[in-house]
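K.L.:
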Amino acid sequence: MSYALTEFVLAILSIFQNKMFLRNFAAFLTLFFLISCSNNSSQDIDYKKSYEKELGGEIINAMIGEPSNLIAMIAGDSASSAIAGNIFNTLIKYDENLELEPELAQSWSISDDQKTIIFSLKPDLKWADGQPLTSHDIYFTWKLVTDPNTRTPYSSDYLLVKEARVIDDQTFSVRYEENYAPALDTWASLQILPKHLLENEDINNTFFSRKPTGSSFYQLDQWVSGQQVSLKKNPLSTQGEANINRLTSRIIPDTSSQFLELIADNIDLMNINPIQYQRVFPAREDLKKKIALYKELGNGYTYLGFNLNKEPFNDIRVRQAINYAIDKDEIIQGVLLGLGEPVASPYKPGTRWNNQSLKPYPYDTEKALRLLNEAGFTKNKDGFLERHGKKFEFEILTNQNKQREMTAVLVQRRLKEIGIDVNIRVIEWASFINRFIKTGEFGVVVLGWSLSLDPDQYNIWHSSQQGPGQFNFIGYKNNEVDKLLENGRRELDLDKREKIYHEFSKILLEDSPVVYLFAGYGLSAINKRVQGIKSPAPPAGIYENTQEWFIPKSLRRNEIAY
-18 MSYALTEFVL AILSIFQNKM FLRNFAAFLT LFFLISCSNN SSQDIDYKKS YEKELGGEII
42 NAMIGEPSNL IAMIAGDSAS SAIAGNIFNT LIKYDENLEL EPELAQSWSI SDDQKTIIFS
102 LKPDLKWADG QPLTSHDIYF TWKLVTDPNT RTPYSSDYLL VKEARVIDDQ TFSVRYEENY
162 APALDTWASL QILPKHLLEN EDINNTFFSR KPTGSSFYQL DQWVSGQQVS LKKNPLSTQG
222 EANINRLTSR IIPDTSSQFL ELIADNIDLM NINPIQYQRV FPAREDLKKK IALYKELGNG
282 YTYLGFNLNK EPFNDIRVRQ AINYAIDKDE IIQGVLLGLG EPVASPYKPG TRWNNQSLKP
342 YPYDTEKALR LLNEAGFTKN KDGFLERHGK KFEFEILTNQ NKQREMTAVL VQRRLKEIGI
402 DVNIRVIEWA SFINRFIKTG EFGVVVLGWS LSLDPDQYNI WHSSQQGPGQ FNFIGYKNNE
462 VDKLLENGRR ELDLDKREKI YHEFSKILLE DSPVVYLFAG YGLSAINKRV QGIKSPAPPA
522 GIYENTQEWF IPKSLRRNEI AY
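If you use the working numbering, the sequence shown corresponds to residues -18 to 543, in order.
#1: What number of angstroms, rounded off, separates the C-alpha of Lys477 from the C-alpha of Phe485?
#2: Ends of the beta strand (DSSP E) at Leu201?
#3: With C-beta atoms as the reference, is Pro263 less than 8 Å away from Leu317?
#4: With DSSP collapsed to three states, give me the class of Asn526.
#5: Relative to the C-alpha of Ile73, which residue among Glu84, Leu536, Glu80, Leu79 is closest?
#6: Can you tell me which of the three DSSP states Arg132 falls into?
#7: Roughly how many angstroms lie between the CA atoms of Glu562 and Leu241, to the nearest whole one?
#8: Can you round the beta-carbon distance between Leu79 and Thr122 to whole angstroms, since I take them to be within the 8 Å contact cut?
#9: Looking at the unbroken beta strand (DSSP E) that takes in Asp402, where does it start and where does it end?
#10: Name the residue from Leu178, Pro234, Ser101 whose alpha carbon lies nearest to the alpha carbon of Ile253.
#11: Quick one: what's got a C-beta closer than 6 Å to Asp110's C-beta in the same chain, skipping five residues either side?
#12: The alpha helix (DSSP H) with Asn354 in it runs from where to where?
#13: Output the residue ranges of the alpha helix (DSSP H) runs that lie fully inside the segment 102 to 161 and measure 4 residues or longer, sorted by chain position.
#14: Please classify Asp128 as buried or exposed, where buried requires at least 16 other C-beta atoms within 10 Å of its C-beta.
#15: Pull up the DSSP beta-bridge partners for Lys214, would you.
#16: Would you call the segment 220 to 227 in contact with the segment 521 to 533, where contact means no fewer than 3 C-beta pairs closer than 8 Å?
#17: Could you give the uninterrupted runs of the alpha helix (DSSP H) lying entirely in the segment 439 to 466, keeping only those of 4 residues or more?
#18: Assign Asp437 to one of two classes, buried (16 or more other C-beta atoms within 10 Å of its C-beta) or exposed (fewer than that).
#19: At 3 residues or longer, what runs of the beta strand (DSSP E) sit wholly inside the segment 254 to 304?
#20: Going by the CB atoms, is the gap between Ala164 and Ile64 shorter than 8 Å?
#21: Roughly how many angstroms lie between the CA atoms of Ile307 and Asn380, to the nearest whole one?
#22: Name the DSSP bridge partner or partners of Lys74?
#23: Measuring CB to CB, does Phe365 end up less than 8 Å from Asp310?
#24: Go through its chain and collect everything with a Cβ distance to Thr496's Cβ below 7 Å, but skip five positions before and after it.
#25: Ile41 to Ile232, Cα distance in whole Å?
#26: Could you spell out where the beta strand (DSSP E) holding Ala506 opens and where it closes?
#27: Tell me where the alpha helix (DSSP H) around Ile64 begins and ends.
#28: Compare the beta carbon distance of Leu504 and Leu268 with 8 Å and say whether it is the shorter of the two.
#29: With DSSP as the reference, identify every bridge partner of Ser88, one or two as the case may be.
#30: Are there 16 or more other CB atoms within 10 angstroms of the CB of Thr133, so buried, or fewer, so exposed?
#31: DSSP three-state call for Asn539: helix, strand or coil?
#32: Roughly how many angstroms lie between the CA atoms of Gln209 and Ser326, to the nearest whole one?
#33: Is Arg538 closer than 8 Å to Asp545 when the C-beta atoms are compared?
#34: Using a Cβ-Cβ cutoff of less than 7 Å, which residues in the same chain neighbour Tyr157 once the five nearest sequence positions on both sides are dropped?
#35: Less than 7 Å between C-beta atoms, sequence neighbours within five positions excluded: which residues of the same chain meet that for Ile312?
#36: Let me know if Gln87 comes out buried or exposed under the rule of 16 or more other beta-carbons within 10 Å of its beta-carbon.
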């Protein structure tokens, strides 16, 4: 540290008279300058060097929204699922090649008639509090998710189980009344909960949602509302030891602020936006030296969704008109800088379930106005559409997500051009879900769906899935779609199943309960101190093996002991 800097510190200290304050402030400054003057800077680090695996360290990431609940079956939002996924286990899981493999189960068998599955658990499984994890916990979790009093959007998959049985402490079986194609897949989604802690609790309102006890690599250490959620390594993990000691998720709703924290070395990873990926990083050699970028097409899409229980969105002509009035290519180029794909079905482009014969509604304002005229709308003297003397206006709700906000602005501009007055309202994530989505108090939303690998979307589109906390919150109902969804989940022949979901997608596109906007690429920026990331990325993506990531001691930031 330079002499001038030392003189500056002494001058500051001399201002203060209070000795206690002086002592604390001096300690703070000493810590600050020790860190500032550390030789652990990006200029001294050789990231190309091959490092041996070392245990310890902390990864800090940024999240846009705060988890609403760490019981995934209740929460239903991605922030909650991301944290809970590090705490809880499922019976089986998908490996890096998207093939099912054991997790809590060590094996499973399927009966010849395809209706019974028997799971054998690994021996000596334990919860983080030391209690044994047995098939009684599996049965308890199944009972919980199928209990009509449990407010969950996931029950439909498990209600198809005709009989669930505990054969012994290590063996659990389920039998289905009819063939159910996604049956095995569903057990890769249900996070198992501890019976001994929850059997006398109201799962909808329990301490456990903020103080969970799980069985996976990590356990909750600290949750500071509005600031961060910290996890520490679980020494009793059923899956063995993770390499990293701590995972901290800082809640930073603004992605620009996240980016400043990333380049200041205060966080290790974040999802970046296309501008940062395409323009900022290529122009910054210092960032390219210490931060690695990853791009992969995700399993999801962004959409404009209508509340079909409210006028005028219960009119198919109005929904189709808005679909024609939105320029999707403009959004992909303007918001994503081309880092996205157009979509015309609720499936990932390039998969067999995506009906390639379907095309997005083209940008056609004449057709949009013609449909709106058929629906009874005419333009007033101010150039706005109205019906029965009432101006066509509505509010688009979305959460604090810059891509969605920018998308909403482009939608707003295009709809104004045809005479629809649109306002935009941006809401913090937890409030957005609890105050508007779960209550149905919205007109139009810009949101996204993250999808499972199985094509079954019964819990999103079937008309029976409209209760509190369920996923068909837009109120979509089509008897033909209901039948296709029911048939699709029972059809075991893949070719026949493909035809069912292609037909389902065709009807959905025509009905336009949502406007498909784009399928975006997941863009991740990760500090190169984090080692063990698979490259090239496997089919399951770069986050498939986070328990194998590690940070060599020489690359770790200065840490205060916890």
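Note that CB positions come from ideal geometry on N, CA and C, so glycine has one too.
P.N.:
In this structure, then:
#1: Along the sequence shown, read from residue 1 onward, the residue named residue 477 stands at position 496. Along the sequence shown, read from residue 1 onward, the residue named residue 485 stands at position 504. Rounded to whole angstroms, Lys477 to Phe485 spans 13 Å at the Cα level.
#2: Position 220 of the sequence shown, counting from 1, holds the residue named residue 201. Taken as a continuous stretch (DSSP letters only), the beta strand (DSSP E) holding Leu201 covers 199 to 205.
#3: As a first step, residue 263 must be located in the sequence shown, where it is residue number 282. As a first step, residue 317 must be located in the sequence shown, where it is residue number 336. Not a contact, by the Cβ cut-off of 8 Å.
#4: Indexing the sequence shown from 1 puts residue 526 at position 545. Reduced to three states, the DSSP call for Asn526 is helix.
#5: As a working note, residue 73 is residue 92 in the sequence shown. Taking only the C-alpha atoms, the option nearest Ile73 is Glu84.
#6: In the sequence shown, residue 132 corresponds to position 151, counting from 1. Note: Arg132 maps to coil in three-state DSSP.
#7: Missing from the structure shown is residue 562; the chain here goes from -18 to 543 and no further.
#8: Here residue 79 refers to the residue found at position 98 when the sequence shown is read from its first residue. Here residue 122 refers to the residue found at position 141 when the sequence shown is read from its first residue. Their Cβ separation, rounded to whole angstroms, is 24 Å, which puts Leu79 and Thr122 out of contact at 8 Å.
#9: Translated into the one-based positions of the sequence shown, residue 402 becomes position 421. Per DSSP, the unbroken beta strand (DSSP E) holding Asp402 starts and ends at 402 to 408.
#10: Residue mapping note: residue 253 aligns to position 272 of the sequence shown, counting from 1. That would be Pro234, whose Cα lies nearest to the Cα of Ile253.
#11: Along the sequence shown, one-based indexing puts residue 110 at 129. So the list reads Thr194, once near-sequence residues are dropped.
#12: Residue 354 sits at position 373 when you count from the first residue of the sequence shown. For Asn354, the enclosing alpha helix (DSSP H) starts and ends at 346 to 355.
#13: Secondary structure in the segment 102 to 161: the alpha helix (DSSP H) runs of 4 residues or longer, each lying completely within the stretch, are 116 to 127, 136 to 140 in chain order.
#14: Working through the sequence shown from its first residue, we reach residue 128 at position 147. Classification of Asp128: exposed, given that the 10 Å Cβ count is below 16.
#15: In the sequence shown, the residue the question calls residue 214 occupies position 233. In the DSSP output, where bridge partners are listed per residue, Lys214 has Tyr199.
#16: Segments in contact, yes.
#17: Listed in chain order, the complete alpha helix (DSSP H) runs (minimum 4 residues) inside the segment 439 to 466 are 439 to 442.
#18: The residue you call residue 437 lines up with position 456 of the sequence shown. When all chains shown are included, Asp437 counts as buried.
#19: List check, beta strand (DSSP E) in window: 272 to 278, 281 to 287.
#20: In the sequence shown, counting from the first residue as 1, residue 64 sits at position 83. In the sequence shown, counting from the first residue as 1, residue 164 sits at position 183. No, Cβ-Cβ distance for Ile64 and Ala164 is not below 8 Å.
#21: Numbered from 1 along the sequence shown, position 326 holds the residue referred to as residue 307. Numbered from 1 along the sequence shown, position 399 holds the residue referred to as residue 380. Near 20 Å, if we compare the C-alpha coordinates of Asn380 and Ile307.
#22: Locating residue 74 in the sequence shown gives position 93, where the first residue counts as 1. Beta-bridge analysis with DSSP links Lys74 to Glu82.
#23: The residue labelled residue 365 in the question sits at position 384 within the sequence shown. The residue labelled residue 310 in the question sits at position 329 within the sequence shown. No, the Cβ-Cβ distance between Phe365 and Asp310 is not below 8 Å.
#24: For the purposes of this step, residue 496 is identified with residue 515 of the sequence shown, where counting begins at 1. The sequence as given places Val at residue 496; Thr does not occur at that position. Contacts found: Tyr284, Leu285, Ile303, Asn304, Ile307.
#25: Position 60 of the sequence shown, counting from 1, holds the residue named residue 41. Position 251 of the sequence shown, counting from 1, holds the residue named residue 232. Computed Cα separation, rounded: 11 Å.
#26: Position 525 of the sequence shown, counted from the start, is the residue given in the question as residue 506. For Ala506, the enclosing beta strand (DSSP E) begins and ends at 495 to 508.
#27: The residue you call residue 64 lines up with position 83 of the sequence shown. Segment 59 to 65, the alpha helix (DSSP H) holding Ile64.
#28: In the sequence shown, the residue the question calls residue 504 occupies position 523. In the sequence shown, the residue the question calls residue 268 occupies position 287. Not a contact, by the Cβ cut-off of 8 Å.
#29: In the sequence shown, counting from the first residue as 1, residue 88 sits at position 107. Beta-bridge partners of Ser88 (DSSP): Ser101.
#30: Stepping through the sequence shown from its first residue, residue 133 is reached at position 152. Counting the other Cβ atoms within 10 Å of the Cβ of Thr133 gives 16 or more, which makes it buried.
#31: Within the sequence shown, the letter at position 558 stands for residue 539. Three-state result, Asn539: coil.
#32: Translated into positions along the sequence shown, residue 209 becomes position 228. Translated into positions along the sequence shown, residue 326 becomes position 345. One C-alpha to the other measures close to 36 Å.
#33: Any answer about residue 545 is impossible in this case: the structure gives the chain only from -18 up to 543.
#34: As a working note, residue 157 is residue 176 in the sequence shown. Correct list, in chain order: Lys96, Leu141, Val142, Lys143, Ala164.
#35: In the sequence shown, residue 312 corresponds to position 331, counting from 1. Cβ neighbours of Ile312 beyond the five flanking positions: Thr388, Leu391, Leu498, Phe499.
#36: Locating residue 87 in the sequence shown gives position 106, where the first residue counts as 1. Flag for Gln87 reads exposed.
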